[in-house]
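**Student:**
Residue numbers (this note's numbering): 54 to 1092.
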């Protein structure tokens, strides 16, 4: 088959050229329309269901809302895990499904369950809602609004009713969430003292407000020839008119709303706030739709903002469009990877020319680089895969392999054509090129399939690791396959056209001849000291294997996004105003850090709940000026030092993408999480606090905290059944009155154009701030008597919980840990040992470590398990290629050689082996096996085809003839990866950089030992002339 393909390519060169040009053109077109992103979709399919329960405490939400919803959503096909948070007024349930499940089908199933649940929830609880489907990273832009002339209420109005609708219409935007500002309401602020004076209750006020305004459809009047719509409008849209609404008549005197309440435009009780550079304002967080192109969505948002900017400027609103702009990191990442690819390609071409000293051979080999990459891009784009740091990284590390196929072919053709010219009767160039191509092609085909097979463990990784690294492996394999196809077709065709005519040097270039001469002398010296060399190599291999268990590492290295997320927690029960006051101090301190461009804070949550947080919790967006890796590391160190100056705060700093990965892995935005499970909340709270104190004493901890600390101050109102019966009240009526007084009761709505505002009855702000006035709240019984709340209930202060967390339906308290420079795996080993030894757990309570370390351990187990399966397949393929058990063993011997350099490079780089480094070892083993196959298969060719007896002369000749291809392969691969390795800290290279370092180190030792030690081993243990199982691949190719 190979014979037929190469013959066709040589005879019909014009067809091959046309197909190559067509592929290049379509590849460039595919590249222009490819989706660009930072990472592939790394989260499994998930759905988030949220239920608002106004006024309920976290314990009530857990019992009345969360547990029924969990029971209703459990048992769904493909459901892998279910996490929930029950907090004041809100339940949030996250459903995680099997990685291979269909996202749209899942949403349909969840939607059906959610709709059925709505009718089963208690009165006053809003229907469950399914959050919009977004990308893994979700946030595509954060925008800040401030003004020196407009109020926070005006800012919120403009953000909600002007900016948000237009941003939501931008293609690719899934949601626009408004944080901060003040939500405008037409409020009836009741004064309890005045209610008592007039003998009225808050129910009376609610009833009057509800009946004071409205819009009704009144039908139409139809005559013989006309239909006229009746427009019945009873709106009262201003505070002045609403204040005049009559509550009751008394002796001919009207008691109106203004007599018992202040009617005014006011703001709803705030659940969150925002500031930009310390100035109170509004933030809009934009989320992108699932499967969209982040850069394209960003460009669409830019266009929308450009149209809005003049309108907003006229209204005195300052817009900060780039509080957070993920596309900035995408541009930097893609730019750095593109530069690495281009620089690597240029270095490769330079090496080709240096070794071959022939422009034509360099051109033939170099053409394989862009064409192979473009063909791989065509396939990726056709299947909807985005070009991200992982796919581009796969193409970058494949660069050496891509050109290697062409190098092996061109070098062999060039050498055989030169030898043919020296013959008395030269053969036709067509036959020489065909034979030279077939001579090496069979071994290269086997080597390519072995490289594909060795990547099987990467493609089968589970969880987040699989989602991240599978696209890298696919891109690598596609590029290698494309280069193989080009080497079978275009390379021979171009070689016949460019090398068969014109002068060819009679002798090898001086550089190559000199290298071969010195190499032959080195091999002879090794033969004289073979025992010493073998012992030294064996010791190096043993040392490399022994050092593997002692390597620490992180799941994902620190990413240079140029942007940090700072989390700040204050004592539970802290007010929103106090959170913002302290946050403003933190903002002013962070702005002074050199390199910090902008700081924005948001505390609590948005009205449209997406990321539920209490008002004691804040997130700061800290955006940096453009700077390199070292500058960002220094900025991070200064930020952490600045935060440490604020006592009593719990703070942590992370980059956005690493935080999203951590959250996907464990549900918590921290690299190390200890989940304490149990039934008794007090017990798991206490044990979580003990674990937090213990972990805080371990070296390397930057911050540690309990995710849901208890201690929220509450006002406990417990109704007295006997008093309710005495005064004729139903419990629900009393509860509704309390809720209306402090939470506010939406009595009606008013409309101003397209804007809708609630008419809310609520106690006056002064009364709401006083504990003493709660008992004075008047309620009217069926007989018309006004009874104070203190007569119906026991009122006292208590301590509650801000949040109750479930994992798999079990109560859980999470302890989160962020680390400084210490490797996650090292820390977790020590932490697990100390927790198991020093923390006594009562029956039914236990602790589980999760986060990056667990994900890394799972990835290691996956790589080892699937690596063993892959090794069996590789051994079978090698046996088919070598036709000899000894040949298989000789080829596999190169793997420990590669391991030595890989381990040494990791040690020199700091000793931390990230998941990217592990994948680097996989890639390294594929390259090493490929070089071994080329040497051993050439020995078989010399013995079986050229009839040379197996001995030292044949061993030296075979190694000498394979010296240049192996050296060129190693050099071009090393130079292709050199830009990645040298810029491993640059944006976009953080994962591929460690991979490149491992491959570079391994290439040095595997190439050296492959050329020096493998010929000696082959001489002693190879039995090529005794292979009787079948003829060699080379022989079958030439038959």
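Even for Gly, the Cβ is constructed at its ideal location relative to N, Cα and C.
Measuring straight from C-alpha to C-alpha, what distance separates residue 546 and residue 1013?
**Tutor:** Rounded to whole angstroms, residue 546 to residue 1013 spans 27 Å at the Cα level.
**Student:** Mind checking who residue 863 pairs with in its DSSP beta bridge?
**Tutor:** 860, per the DSSP bridge assignment.
**Student:** Label residue 975 either buried or exposed according to how many other C-beta atoms from any shown protein chain fall within 10 Å of its C-beta, with 16 as the threshold for buried.
**Tutor:** Answer is buried; the Cβ neighbour count reaches 16.
**Student:** Counting Cβ pairs closer than 8 Å, one from the segment 158 to 166 and one from the segment 888 to 906, do we hit at least three?
**Tutor:** These segments do not touch.
**Student:** Grouping DSSP H, G and I as helix and E and B as strand, with all else coil, what is residue 987?
**Tutor:** Correct three-state label for residue 987: helix.
**Student:** Whose C-alpha, out of 914, 384, 809, is nearest the C-alpha of residue 288?
**Tutor:** Of the candidates 914, 384, 809, the one whose C-alpha sits nearest the C-alpha of residue 288 is 809.
**Student:** Assuming contact is defined by CB atoms lying nearer than 8 Å, are residue 497 and residue 540 in contact in what I supplied?
**Tutor:** Yes, the Cβ-Cβ distance between residue 497 and residue 540 is below 8 Å.
**Student:** Taking the alpha helix (DSSP H) that residue 318 belongs to, which residues open and close that run?
**Tutor:** Careful: residue 318 lies outside any alpha helix (DSSP H), inside the beta strand (DSSP E) at 314 to 320.
**Student:** How about residue 137 and residue 859: are their beta carbons less than 8 Å apart?
**Tutor:** Yes, the pair counts as a contact, with Cβ atoms nearer than the cut-off.
**Student:** Below 6 Å CB to CB, which residues in the same chain sit around residue 950 once its five sequence neighbours on both sides are set aside?
**Tutor:** Only 1058, 1059, 1062 meet the Cβ criterion.
**Student:** Given a cut-off of 8 Å on the beta-carbon distance, is the pair residue 392 and residue 91 in contact?
**Tutor:** The answer is no: Cβ separation not under 8 Å.
**Student:** Name the one or two DSSP bridge partners that residue 342 has.
**Tutor:** Residue 342 is bridged to 187.
**Student:** Roughly how many angstroms separate the alpha carbons of residue 618 and residue 413, rounded to a whole number?
**Tutor:** Those two C-alpha atoms are separated by around 53 Å.
**Student:** What residue range is occupied by the uninterrupted beta strand (DSSP E) comprising residue 769?
**Tutor:** Here the beta strand (DSSP E) through residue 769 covers 763 to 772.
**Student:** Please state whether DSSP places residue 890 in a helix, a strand or coil.
**Tutor:** Helix, per DSSP.
**Student:** For residue 83, which residues from the same chain have a beta carbon less than 7 Å from its beta carbon, with the 5 sequence-adjacent residues on both sides left out?
**Tutor:** Hits under 7 Å: 430, 431, 434.
**Student:** Measuring only the C-alpha atoms, how far is residue 1031 from residue 1047?
**Tutor:** About 11 Å.
**Student:** Between which two residues does the alpha helix (DSSP H) holding residue 217 run?
**Tutor:** Segment 217 to 221, the alpha helix (DSSP H) holding residue 217.
**Student:** So if DSSP puts residue 728 in a beta bridge, which residue, or which two residues, is it bridged to?
**Tutor:** Answer by DSSP bridge pairing, in chain order: 867, 901.
**Student:** Are the CB atoms of residue 1008 and residue 908 within a distance shorter than 8 Å?
**Tutor:** It is not a contact, given that the beta carbons lie outside the stated cut-off.
**Student:** Runs of 4 residues minimum, wholly inside the segment 452 to 490: which ones carry the alpha helix (DSSP H) assignment?
**Tutor:** Complete alpha helix (DSSP H) runs here, min 4: 452 to 474.
**Student:** Quick check: the Cα distance between residue 643 and residue 115, rounded to an integer number of angstroms?
**Tutor:** Spanning the two alpha carbons is a distance of roughly 38 Å.
**Student:** Looking at C-alpha atoms only, which residue of 250, 447, 445 is the closest neighbour of residue 840?
**Tutor:** If we check each option's Cα against that of residue 840, 250 comes out closest.
**Student:** Per DSSP, what kind of secondary structure is residue 113 in: helix, strand or coil?
**Tutor:** Three-state DSSP puts residue 113 in a helix.
**Student:** Ignore the nearest five residues each way along the sequence and tell me which others in residue 465's own chain have a CB closer than 7 Å to its CB.
**Tutor:** Contacts found: 489, 492, 493.
**Student:** Leaving out the 5 sequence neighbours to the left and right, which residues in its chain are closer than 7 Å to residue 98 when beta-carbon positions are compared?
**Tutor:** Excluding sequence neighbours, residue 98 sits near 150, 154, 156, 159.
**Student:** Are the Cβ atoms of residue 525 and residue 446 separated by less than 8 Å?
**Tutor:** In this structure, residue 446 lies closer than 8 Å to residue 525 by Cβ.
**Student:** Start and end of the alpha helix (DSSP H) containing residue 853?
**Tutor:** No alpha helix (DSSP H) contains residue 853, which is instead part of the beta strand (DSSP E) from 846 to 854.
**Student:** Taking residue 641 as part of the alpha helix (DSSP H), name the residues at either end of that continuous run.
**Tutor:** Looking at the DSSP string, the run of the alpha helix (DSSP H) that includes residue 641 is 629 to 644.
**Student:** Quickly, what does DSSP pair residue 881 with across the bridge? List them, please.
**Tutor:** Answer is none; residue 881 lacks a bridge partner.
**Student:** Candidates 169, 152, 677: which alpha carbon is nearest residue 122's?
**Tutor:** The shortest Cα separation from residue 122 among 169, 152, 677 belongs to 169.
**Student:** How should residue 499 be labelled, buried or exposed, when 16 other C-beta atoms within 10 angstroms of its C-beta is the threshold for buried?
**Tutor:** Classification of residue 499: buried, given that the 10 Å Cβ count is 16 or more.
**Student:** Give the C-beta separation of residue 729 and residue 688 to the nearest angstrom, bearing in mind that I take them to be a contact with Cβ-Cβ under 8 Å.
**Tutor:** At roughly 35 Å, the Cβ-Cβ gap does not stay under 8 Å, so residue 729 and residue 688 are not in contact.
**Student:** Are residue 630 and residue 669 close, meaning C-beta to C-beta below 8 Å?
**Tutor:** No, they are not a contact pair.
**Student:** Scan the segment 787 to 857 and note each continuous alpha helix (DSSP H) run of 4 residues or more that stays entirely inside, going in chain order.
**Tutor:** The qualifying runs are 818 to 821.
**Student:** Quick one: grab the DSSP three-state call for residue 1063.
**Tutor:** Helix.
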